[in-house]
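Chains as they are written, first to last, in our numbering: chain A, 35 to 121; chain B, 35 to 121; chain C, 35 to 121; chain D, 35 to 121; chain E, 35 to 121.
In what follows, a single structure is set out as structure tokens and then discussed.
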Amino acid sequence: MIICKVIGNVWATRKEETLNGLKLMIVRRIDISSDAEHESFVAVDCVGAGIGEPVLVTTGSSARKALSIEDSPVDAAIVGIIDGSEG
Amino acid sequence: MIICKVIGNVWATRKEETLNGLKLMIVRRIDISSDAEHESFVAVDCVGAGIGEPVLVTTGSSARKALSIEDSPVDAAIVGIIDGSEG
Amino acid sequence: MIICKVIGNVWATRKEETLNGLKLMIVRRIDISSDAEHESFVAVDCVGAGIGEPVLVTTGSSARKALSIEDSPVDAAIVGIIDGSEG
Amino acid sequence: MIICKVIGNVWATRKEETLNGLKLMIVRRIDISSDAEHESFVAVDCVGAGIGEPVLVTTGSSARKALSIEDSPVDAAIVGIIDGSEG
Amino acid sequence: MIICKVIGNVWATRKEETLNGLKLMIVRRIDISSDAEHESFVAVDCVGAGIGEPVLVTTGSSARKALSIEDSPVDAAIVGIIDGSEG
């Protein structure tokens, strides 16, 4: 999983049917010990994350495990809101 | 998922059988807050996207979930046409 | 999928059993609008591609969908020979 | 698999249900023959690793094979503590 | 698949149970036409490869197809020893 920050959201009227009702958030990877600017991407929110919050994002086939409809074409999901970290 | 722009299409007469009838579009990743030039790649269009439109693209095994024939060797699919974004 | 050029082939006498009979081609990703030199990798040819031809390559678990033996440890497959592209 | 060093841990109260009870560690890839600084990411600890230890990390769908609940949205797992290496 | 060179091995006493008995080799990607130095990673040896040999490595879920226990958390496997290449 990677640590990201939620930076916005995106909407699409015409979309694959099983995506209906999913919250599509724009996220950007963050690294505690580096200032590298990362690409943003879109992840489905499964935990009620808000803009600005640091979140845990799972990618690939594992992202589908966080959805109620596992046959949805989703490759990234927000699976936790980070409260803190050490190290 | 990543945000891409449809930039063209590609055709292939000799191809794996289950690809017949699929629309193969050339897309390029875009990043709202960066001007980095990304590589183009080929994604199957599942939502009737046109050239120039910003789209949502799913990659990897999740892309197959957007197809009617899930056993097709497809690793990228256009699953939404983006109407707008915030943030 | 990515657009590649077939640049050679590779052979291996000692190999995982289910790879027997598969044609292992060396391919290199190409990008119409960039001259970046990409790494070569090895893909199984499923469509009778020849050296020098532009081809469509699927990677990851989706590559196995192009094989007759789906349990083969293959992560890249040539699934189409490109006739043309637009855009 | 990649060789990483455990550099910390992370906690999240609000998270996908099947992640409950899993130990989420921050790890960073290391390369014996290079000083390149790598991005940190989060992996589930399956072997009792401690901070500072060199570990073996599996990513992607294979990471789920190390968990007792295979349907958890996990894409990285610590699957071994490295005692030594040669070469 | 990618072409790598076996550069060493690694051992771990405490590890995920299904990894017992597997030979864990350190490999590094090589590219015939480039001198770029690649990161090393760890792959399970399925074909009896020796240090210094050029090998064919499969990554991701496909690597598990080369193992006798498919439920092992393995994401890279050596599936062939390269005898030669052309092009």
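The beta carbon of each residue, even a glycine, is placed where N, CA and C say it ideally should be.
Taking residue i as the reference, which of the options has the closest Cα?
i: A46(E); options: V44(D), I37(D), G86(D), S106(D); result: I37(D)
i: E50(D); options: G94(A), I41(A), V40(A), L101(A); result: L101(A)
i: F75(B); options: R98(B), K99(B), D109(B); result: D109(B)
i: M35(B); options: D117(A), I103(A), I112(A); result: I112(A)
i: E24(D); options: K99(A), E104(A), I103(A); result: This structure does not reach residue 24(D), given that chain D is present from 35 up to 121, and the question cannot be answered.
i: I60(A); options: A97(A), I85(A), S96(A); result: I85(A)
i: R63(C); options: A77(B), R62(B), E73(B); result: E73(B)
Determine, using beta carbons only, whether residue i comes closer than 8 angstroms to chain A.
i: V108(D); result: yes
i: A97(B); result: yes
i: G94(B); result: yes
Would residue i and residue j qualify as a contact pair, given that the criterion is a beta-carbon distance under 8 angstroms?
i: G94(B); j: G94(C); result: yes
i: G121(E); j: I116(C); result: no
Assuming residue i and residue j are in contact, meaning their beta carbons sit under 8 angstroms apart, how far apart are those beta carbons, in whole angstroms?
i: N43(D); j: S106(A); result: At roughly 31 angstroms, the Cβ-Cβ gap does not stay under 8 angstroms, so N43(D) and S106(A) are not in contact.
Would you say residue i faces chain C, with C-beta separation under 8 angstroms as the test?
i: D65(E); result: yes
i: L136(B); result: Only positions 35 to 121 of chain B appear in this structure, which leaves residue 136(B) out of reach.
i: I85(B); result: yes
i: I37(E); result: yes
i: G42(E); result: no
Counting contacts by CB-CB distance shorter than 8 angstroms, is residue i in contact with chain E?
i: A46(C); result: yes
i: L56(C); result: no
i: G82(C); result: no
Compare the C-beta of residue i with all C-beta atoms of chain B and state if any pair is closer than 8 angstroms.
i: K49(A); result: yes
i: V113(A); result: no
i: D79(A); result: no
i: L90(A); result: no
i: G118(A); result: no
For a cutoff of 8 angstroms on Cβ pairs, would you count residue i as touching chain D?
i: E73(E); result: yes
Chain H beta carbons: is any one of them nearer than 8 angstroms to that of residue i?
i: D105(C); result: Among the protein chains in the structure shown, which are A, B, C, D and E, there is no chain H.
Should residue i be counted as a contact of the ligand ADP given a C-beta to heavy atom distance under 7 angstroms?
i: A110(C); result: The model depicted lacks the ligand ADP and carries no ligand whatsoever.
**OP:** Count the CB pairs spanning the segment 51 to 66 of chain D and the segment 67 to 86 of chain B that are closer than 8 angstroms, and state whether there are at least three.
**Re:** The segment 67 to 86 of chain B and the segment 51 to 66 of chain D do not touch, with fewer than three beta-carbon pairs separated by less than 8 angstroms.
Subject >> Stretch-stretch touch, CB-based, cutoff 8 angstroms, three pairs: the segment 82 to 98 of chain C with the segment 81 to 91 of chain A >> reply: no
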